[in-house]
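In our numbering, the protein residues as written are 1280 to 2015. Built from N, CA and C at the ideal position, the CB exists for glycine as well. Fair warning: this is a prediction, and the values are worked out from it, not measured in the lab.
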């Protein structure tokens, strides 16, 4: 790991090095513009040097300096894959331009290190069998292991960036350079040996016939799979004490990055693909099922032996989620006995899950729901309901229905259990999909309903209050847009009840005491997220319209969107002050909420109580002049929405709203400070290129809303001009 308090001079050298790598990456991305192999020698040198700097002797140059000169490692560290992400991206890109050099080189180095690691672990195991105990603290063995772990760590990082990309919002695919390399070498590849290599990840590759003729991409991938299996065997042999948490985390990170592109490979996503990769890891291949088994077993093993290492356990849980985010992989995963054993241990809070944090347990639940609910066979659906959902439901009921629950609720173990259950239900919600949304919503609804009463019980427990709000926000964010009218109404009703209960429990509780203030800020943030998701529901205005309810006054609706708007504003607006708006996230959430409210519920805004109305409009004016362009844009959109409402339905607009629009028009004219000056703006808002369109639109609708007042303001400005030429120019400008 890198010390984030790196010496300033070292930091400058590191930044310079990263920029040089960027330059080379840019050049190599345009390699077709240069003669063939023009950059190959240089790329080889760059890649070799980077490898050597991160490897110990004899292949590398790391750790050449005396340990006496090494600075003490600071506690503030960040993962190498985070600290050196830009460098590793560049090295990965460079390595793909020289795959005939980089892939065999890294494979050889990694296979060598894994074999050494296996040998050392075997020696330790022999010591234990002979009754001598572990001698892992001996200086020589300790130094060998330390260097070996650092080598493995960096070789896996480089392999991960070479073989796969991080995919966000797109179909994960193997990089075309890697596909091309595998296809280019296909003539000399032994397909049977390649498949044996994938099918035997725990075996020494040298023991497999023809392994040297195996596909090079599969061979490199299998090296990491073998290391993963060696770690798992070491855990089962009670050798965890000599394992490295950093290497364990890096191995699982590699698996996560690698599996989304390689496992259950679908040739339809490629114009051309390698036969060796398809036969070894392709859709429904035997190798893909065997690798899936190894990965599920790795999840179970890591959670057992690394339960006290939060980073490793969380990385493992994240990898488990990635493994089940594709239906083809889910089909393979649910065939594994280990998957259902994990479900049993989690549902009954058995070891090792009783030692894991609530956040990690919720990720495991998300993975179990994604996997178990994605397979449509009746057998799996029944097993999913019985072994994953029902135990959670029963555990929750037994907790809240126990005798004297309200009195016992404040006991630490009961609060801890409640918080964990809220996290687990969130995991269920996060594991929902378009096809499973309806069923999982019906499962979740009783928890939401009960959480209203729990808000009162735990009103003085900020972590539980936060957990309740987070569950409601998650449901609205992931499920609301897929719900039918009836289920939407139920969710609106429960949300309104929750907000009313929170208001009842927190009347007069506002405080400025340290942690309490931070807790309240978090509550405000979550309430605004909840309101924003509720108000922005697609067709929410239709749901409560005459067509949806069948009556003009909406008497059949259990709750209206307007009620939620009104209650939400009554909770949020009085709590918003200058201090809160200095917090970027809260500021952005507040104005996003105001934008939705004014766009979809202008009439409710028009009829707000006077004090609340003034606070709301005052914060909009402040947002135009005193905050970022994004905030100003949202505020100007709010002004436009309110002014448009006044134009279209002037008879429904309150006098307060009409007066406010007149005020905004006056403030928008030359010489005022809203659009044409701006108290903290370098340029007037209306002339800011990022705002000119939305500011012009706001000014236009304000003029249309207040034609008479506009004429008076224009005449006032014209009469104040002493020079006729200037006055004439202004007349022409105002006419235009």
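Counted within 10 angstroms of its Cβ, other Cβ atoms place residue i as buried (16 or more) or exposed
i: residue 1464; result: buried
i: residue 1292; result: exposed
i: residue 1511; result: buried
i: residue 1924; result: buried
i: residue 1390; result: buried
i: residue 1376; result: buried
i: residue 1727; result: buried
i: residue 2002; result: exposed
i: residue 1987; result: exposed
i: residue 1751; result: buried
i: residue 1388; result: buried
i: residue 2004; result: exposed
i: residue 1968; result: exposed
i: residue 1692; result: exposed
i: residue 1314; result: exposed
i: residue 1700; result: buried
i: residue 1685; result: exposed
i: residue 1581; result: buried
i: residue 1774; result: buried
i: residue 1316; result: exposed
Nearest-angstrom Cβ-Cβ length linking residue i and residue j, presumed shorter than 8 angstroms
i: residue 1559; j: residue 1468; result: Actually they are not in contact, since the Cβ atoms of residue 1559 and residue 1468 sit about 10 angstroms apart, beyond 8 angstroms.
i: residue 1542; j: residue 1567; result: 6 angstroms
i: residue 1847; j: residue 1806; result: 7 angstroms
i: residue 1862; j: residue 1810; result: Contact flag wrong, Cβ pair sits at about 18 angstroms.
i: residue 1503; j: residue 1461; result: Not really, about 17 angstroms apart at Cβ, beyond 8 angstroms.
i: residue 1939; j: residue 1997; result: Actually they are not in contact, since the Cβ atoms of residue 1939 and residue 1997 sit about 26 angstroms apart, beyond 8 angstroms.
i: residue 1538; j: residue 1574; result: 7 angstroms
i: residue 1767; j: residue 1778; result: Incorrect: roughly 16 angstroms between the Cβ atoms, too far for contact.
i: residue 1487; j: residue 1505; result: Between residue 1505 and residue 1487 the Cβ distance is about 11 angstroms, and since that is not below 8 angstroms, they are no contact.
Enclosing alpha helix (DSSP H) for residue i [first to last residue]
i: residue 1697; result: 1691-1709
i: residue 1558; result: 1554-1560
i: residue 1912; result: 1908-1927
i: residue 1855; result: No alpha helix (DSSP H) contains residue 1855, which DSSP labels as neither H nor E.
i: residue 1406; result: 1378-1408
i: residue 1644; result: 1637-1652
i: residue 1313; result: Note, residue 1313: premise wrong, no alpha helix (DSSP H); not H, not E.
i: residue 1749; result: 1741-1757
i: residue 1607; result: 1606-1612
i: residue 1718; result: 1716-1736
i: residue 1524; result: 1524-1541
i: residue 1767; result: 1764-1785
i: residue 1623; result: 1616-1626
i: residue 1447; result: Careful: residue 1447 lies outside any alpha helix (DSSP H) and carries neither H nor E.
i: residue 1863; result: 1863-1879
i: residue 1326; result: 1319-1332
Straight-line Cα distance separating residue j from residue i
i: residue 1591; j: residue 1527; result: 7 angstroms
i: residue 1308; j: residue 1647; result: 41 angstroms
i: residue 1640; j: residue 1625; result: 7 angstroms
i: residue 1673; j: residue 1665; result: 11 angstroms
i: residue 2016; j: residue 1483; result: Because residue 2016 is not part of the residues shown, which for the chain are 1280 to 2015, the question remains open.
i: residue 1324; j: residue 1335; result: 18 angstroms
i: residue 1426; j: residue 1330; result: 14 angstroms
i: residue 1723; j: residue 1802; result: 22 angstroms
i: residue 1880; j: residue 1922; result: 13 angstroms
i: residue 1718; j: residue 1561; result: 32 angstroms
i: residue 1712; j: residue 1887; result: 38 angstroms
i: residue 1447; j: residue 1597; result: 15 angstroms
i: residue 1368; j: residue 1884; result: 50 angstroms
i: residue 1652; j: residue 1471; result: 35 angstroms
i: residue 1631; j: residue 1453; result: 35 angstroms
i: residue 1843; j: residue 1876; result: 10 angstroms
i: residue 1306; j: residue 1342; result: 32 angstroms
i: residue 1956; j: residue 1725; result: Residue confidence is low: residue 1956 scores 49 on pLDDT, short of 50, so the model does not pin down where it sits. Its coordinate-derived value is still stated next. In a straight line, the C-alpha of residue 1956 is about 53 angstroms away from that of residue 1725.
Residue i at chain B interface by Cβ criterion, 8 angstroms
i: residue 1635; result: The chain labelled as chain B is not found in the depicted structure, where only one protein chain is given.
Given 8 angstroms, three or more beta-carbon pairs between the stretch 1888-1895 and the stretch 1844-1856: yes
Touch test, the stretch 1575-1594 against the stretch 1484-1496, Cβ-Cβ under 8 angstroms, three pairs minimum: no
Touch test, the stretch 1368-1382 against the stretch 1400-1409, Cβ-Cβ under 8 angstroms, three pairs minimum: no
Cβ contact check for the stretch 1546-1566 and the stretch 1379-1397: 3 or more pairs under 8 angstroms: no
Segment contact, 8 angstroms Cβ cut-off, at least three pairs: the stretch 1864-1879 with the stretch 1899-1915: yes
Three-pair Cβ contact test at 8 angstroms for the stretch 1519-1536 versus the stretch 1426-1439: yes
The stretch 1629-1640 contacting the stretch 1680-1694, beta-carbon criterion three pairs below 8 angstroms: no
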